[in-house]
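Counted from 1, the sequence shown has number 126 at position 122 by this note's numbering; the numbering is strictly sequential.
Input: a single structure, listed below in structure tokens.
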Amino acid sequence: MDSVARHILDLSRRRLLRGATGLAALAALAPPARPAFAQELPRGSLFTLGVASGEPSPDGFVIWTRLAPEPFAQDGGLPPLSVPVGWAVAEDEAFTRIALRGMTAAWPQKAHAVHVEVRGLAPGRPYFYRFQAGGQASPVGRARTAPAPDAAPERLRFAVAGCQHYEHGFFTAWKHIATEPDLDFVFHYGDYIYEYAGRQAGQRGWGPLVRQHVGGETMTLADYRLRYAQYRTDPDLQAAHAAHAFLPSYDDHEVDNNWAGSFSEEDGRSPRHPVAVPPETFALRKAAAFQAWYEHMPVRAAALPRGQDITAYRRLDFGRLMRVNVLDTRQFRDDQPCGDGSKPACPDVFRPDAQMLGAEQERWLVAGMTDSPARWNILAQQVPMMRRELRNGALSMDKWDAYPAARQRLLDAVAERRTPNPVVLSGDVHVALAATIRRKPEDTASPPVATEFTATSATSEGDGAVMTPGGQEILRRNPDIALFHARRGYCVGEATAARMTTEFVALDYVTREGAPRETAARLVVEAGRPGVQRG
5 MDSVARHILD LSRRRLLRGA TGLAALAALA PPARPAFAQE LPRGSLFTLG VASGEPSPDG
65 FVIWTRLAPE PFAQDGGLPP LSVPVGWAVA EDEAFTRIAL RGMTAAWPQK AHAVHVEVRG
125 LAPGRPYFYR FQAGGQASPV GRARTAPAPD AAPERLRFAV AGCQHYEHGF FTAWKHIATE
185 PDLDFVFHYG DYIYEYAGRQ AGQRGWGPLV RQHVGGETMT LADYRLRYAQ YRTDPDLQAA
245 HAAHAFLPSY DDHEVDNNWA GSFSEEDGRS PRHPVAVPPE TFALRKAAAF QAWYEHMPVR
305 AAALPRGQDI TAYRRLDFGR LMRVNVLDTR QFRDDQPCGD GSKPACPDVF RPDAQMLGAE
365 QERWLVAGMT DSPARWNILA QQVPMMRREL RNGALSMDKW DAYPAARQRL LDAVAERRTP
425 NPVVLSGDVH VALAATIRRK PEDTASPPVA TEFTATSATS EGDGAVMTPG GQEILRRNPD
485 IALFHARRGY CVGEATAARM TTEFVALDYV TREGAPRETA ARLVVEAGRP GVQRG
């Protein structure tokens with residue numbers, strides 16, 4: 005283990021031990037007798053990667069942990085044995101009122117990760133949870149169940165964040181998200197990890213070098229597990245997971261930069277990648293990446309990958325106030341047209357059968373928007389859907405702009421079915437954006453049908469700036485884009501029956517710790533009136 009990894013692990017262990025509830029807390033979990041093979045478990049904390057929750061429903065949520073006493077070692081430092089794990093959910097942080105408890109096991113086939121789908125809780129209220137294994141108690145986590153299906157909550161609050169390149173900065177954004185009050189969920193739009201090899205001081209590369217990745221580029225299951233373990237040891241990221249339930253998705257860097265469907269970035273079309281990766285080889289990489297993503301995310305068993313196939317799109321209802329459609333814009337899309345990159349559109353951009361979501365997911369989404377009982381209908385996905393013309397009329401071939409037929413089918417469905425108050429959430433581009441989406445995005449006279457809020461990155465590309473020359477050009481060329489802000493940060497949304505307000509939270513710096521939380525903008529969309537307004 006190098007000095008960087010050792011420092012990260014030591015810091016994580018110290019913070020975890022300070023947050024532990026002590027031996028007295030173990031009684032509430034009613035652990036079984038010490039297992040026969042307990043002497044084979046390594047010494048040290050089993051819970052170095054923290055705890056997490058996700059996928060809130062009216063009667064429960066998923067709770068997660070992964071046992072890894074040595075997170076930078078093979079298999080987390082555990083022998084290839086199953087480990088009994090107790091869990092408990094309580095109505096209070098002191099665990100004097102236990103709501104549910106049970107036993108499960110951490111299996112080596114899943115890197116000793118634990119996913120418990122908790123059911124039987126009351127709707128619309130917070131709970132506390134923790135785990136026990138090997139005579140140790142985990143840190144305590146907190147999660148809120150969703151409102152009852154027929155409930156009309158006064159408000160819902162949520163955060164949107166992602167793009168957290170470990171080498172580019174500190175996770176101060178997650179430290180602030182951890183203290184955001186009363187969040188019903190956090191939507192992580194993707195790029196939870198970055199697959200690039202660790203850089204050395206002085207080595208040229210993309211973005212600043214603030215901290216170092218451990219290991220080379222992620223290719224195998226062991227590589228991806230190591231990378232997730234490194235990110236998960238960050239105490240600020242752990243704090244955010246312990247504080248709120250997550251709705252995790254993935255974008256490209258969980259697998260390979262700008263991958264699309266069965267196509268790797270290494271497709272033989274550029275000098276950097278003159279030899280294409282065969283589809284069967286890339287399929288093995290995808291299978292490893294999806295397995296590691298599942299192992300480290302608080303998601304349900306329905307997302308368990310089947311080799312290179314995974315069903316990560318799903319729908320969550322929060323009473324009659326909000327329906328959240330978590331989408332997958334990577335696995336089922338066509339390859340990027342025109343050779344990827346940013347450039348003026350080539351004829352391939354305009355193919356009428358272009359797929360961004362794939363036919364099955366597209367039908368599923370349209371059906372969910374057709375019969376939605378919710379006041380607000382959220383499309384929680386990865387890359388900007390808005391029209392975003394760049395310098396010299398170029399388009400980004402990795403975004404919805406390069407798949408206009410797929411976007412048009414979706415916007416036509418929204419308009420024809422009169423989907424109530426559609427709002428698109430996105431990320432990926434490392435800047436904060438807000439835009440009005442028209443039925444025909446290329447026509448500024450077309451009626452508005454939706455609103456989009458794009459969160460900036462948590463760290464990727466370093467400190468950033470309030471405005472850039474490229475941002476000025478984007479605002480000049482795209483009158484429907486109301487905000488461009490290139491500092492790091494995240495978004496906080498608040499929905500009521502009358503309006504949805506989005507606060508764009510900015511950090512002045514991430515290349516050193518301690519940046520204060522600032523409000524870069526506060527924008528509003530009113531119910532029944534699609535489009536961005538100043539708050």
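Think of the CB as a built atom: it goes at the ideal place given N, C-alpha and C, for glycine as much as any other residue.
Would you decide whether P157 is buried or exposed? Buried here means 16 or more other CB atoms lie within 10 Å of its CB. With 16 or more Cβ atoms within 10 Å of its Cβ, P157 is classed as buried.
Using a Cβ-Cβ cut-off of 8 Å (strictly less than) and excluding sequence neighbours within five positions of R101, which residues of its own chain qualify? So the qualifying residues of the chain are A94, E95.
Tell me the DSSP secondary structure of W210 in three-state form. W210 falls in the coil class under three-state DSSP.
Between A502 and chain B, is there a C-beta pair that is closer than 8 Å? Among the chains of the structure shown, chain B does not appear; only one protein chain is present.
Among L415, A249, A490, which one has its Cα closest to the Cα of P130? Per the Cα distances, A249.
Quick one: measure Cβ to Cβ for L225 and A305, integer angstroms, because I've assumed they're closer than 8 Å. Not quite, the Cβ-Cβ distance comes to about 19 Å (not below 8 Å), so this is no contact.
Whole-number beta carbon distance between T237 and P75, since they are thought to touch under 8 Å: Correct: roughly 6 Å between the Cβ atoms.
Suppose the cutoff is 6 Å on Cβ atoms and the five residues either side in sequence are ignored; what does the same chain contact list for R123 look like? Correct list, in chain order: D63, G64.
C-beta atoms of N262 and R391 nearer than 8 Å: It is not a contact, given that the beta carbons lie outside the stated cut-off.
Pull the bridge partners of D313 from the DSSP assignment, please. DSSP output for D313 lists R310 as bridge partner(s).
Have a look at V428 and I181 and give me their C-alpha separation to the nearest angstrom. Using only the alpha carbons, I get a separation of about 21 Å.
Evaluate the contact criterion for the segment 177-195 versus the segment 379-397: three or more CB pairs, one atom per stretch, below 8 Å. Output reads yes: the segment 379-397 touches the segment 177-195.
For the putative contact between T69 and V87, defined by C-beta atoms under 8 Å, what is the C-beta separation to the nearest angstrom? Taking 8 Å as the upper bound for CB-CB distance, T69 and V87 are not in contact here, some 11 Å apart.
Which two residues bound the contiguous alpha helix (DSSP H) that contains W404? For W404, there is no enclosing alpha helix (DSSP H), since its DSSP letter is neither H nor E.
Write down the C-beta distance between V453 and L487 rounded to the nearest angstrom, noting that I regard them as a contact closer than 8 Å. Going by Cβ atoms, the distance from V453 to L487 rounds to 19 Å, so no, they are not a contact pair.
DSSP state of S7 mapped onto helix, strand, coil: At S7 the pLDDT is 46, less than 50, meaning the model places this residue with poor confidence and gives no usable figure here.
Within the continuous alpha helix (DSSP H) that includes L288, where are the two ends? Its alpha helix (DSSP H) spans residues 283-300.
Which term fits N381, buried or exposed, when burial requires 16 or more other beta carbons within 10 angstroms of its beta carbon? Buried, by the Cβ-count rule.
In angstroms with no decimal places, state the Cα-to-Cα distance between L288 and S268. Spanning the two alpha carbons is a distance of roughly 11 Å.
Using three-state DSSP, classify A40 as helix, strand or coil. In this prediction, A40 scores a pLDDT of 34, lower than 50, which makes its location untrustworthy; no coordinate-derived value is stated.
E366 lies in the alpha helix (DSSP H); which residues open and close that run? Per DSSP, E366 belongs to the alpha helix (DSSP H) from 363-374.
Cβ distance (whole Å) where L308 is taken to contact Y317 below 8 Å: Contact annotation, L308 with Y317: C-beta distance approximately 14 Å; criterion of less than 8 Å not satisfied.
Measure the alpha-carbon distance for R334 versus W368 and round it to whole angstroms. Between the alpha carbons of R334 and W368 lies a distance of about 16 Å.
Euclidean distance between Cα positions of A280 and Q312: One C-alpha to the other measures close to 18 Å.
Whole angstroms are fine: how far does the CA of W91 sit from the CA of D405? Approximately 46 Å between the Cα atoms of the pair.
Candidates A147, A117, T515: which alpha carbon is nearest G128's? Of A147, A117, T515, the residue nearest in Cα terms is A147.
Just the C-alpha distance for T448 and R161, rounded to the nearest angstrom, thanks. For T448 and R161, the distance between alpha carbons rounds to 31 Å.
Determine whether the beta carbon atoms of Y170 and R208 lie at a separation below 8 Å. No, the Cβ-Cβ distance between Y170 and R208 is not below 8 Å.
Report buried or exposed for D255, applying the criterion of at least 16 other Cβ atoms within 10 angstroms of its Cβ. So D255 counts as buried.
Using 10 angstroms around the beta-carbon of G468, count the other beta-carbons present and answer buried if the total reaches 16, otherwise exposed. Buried is the call here.
Does the beta-carbon of A126 have 16 or more other beta-carbons within 10 angstroms, so that it is buried, or is it exposed? Only exposed fits A126, as fewer than 16 other CB atoms lie within 10 angstroms of its CB.
Residues of its chain near R413, where Cβ-Cβ distance is below 8 Å and the 5 sequence neighbours each way are ignored: Correct list, in chain order: E366.
Minimum length 3: unbroken beta strand (DSSP E) runs contained in the segment 86-138: You should have 87-94, 102-110, 117-122, 130-137.
Determine, using beta carbons only, whether Y407 and A459 come nearer to each other than 8 Å. Contact annotation: Y407 and A459 have beta-carbon atoms that are not nearer than 8 Å.
Runs of beta strand (DSSP E) wholly within the segment 208-272 (minimum 3 residues, chain order): If we require 3 residues or more, the beta strand (DSSP E) runs fully inside the segment 208-272 come out as 249-252.
How would you call R38, buried or exposed, if buried means at least 16 neighbouring beta carbons within 10 angstroms? Since pLDDT at R38 reaches only 44, below the 50 mark, its modelled position is unreliable, and no value is offered.
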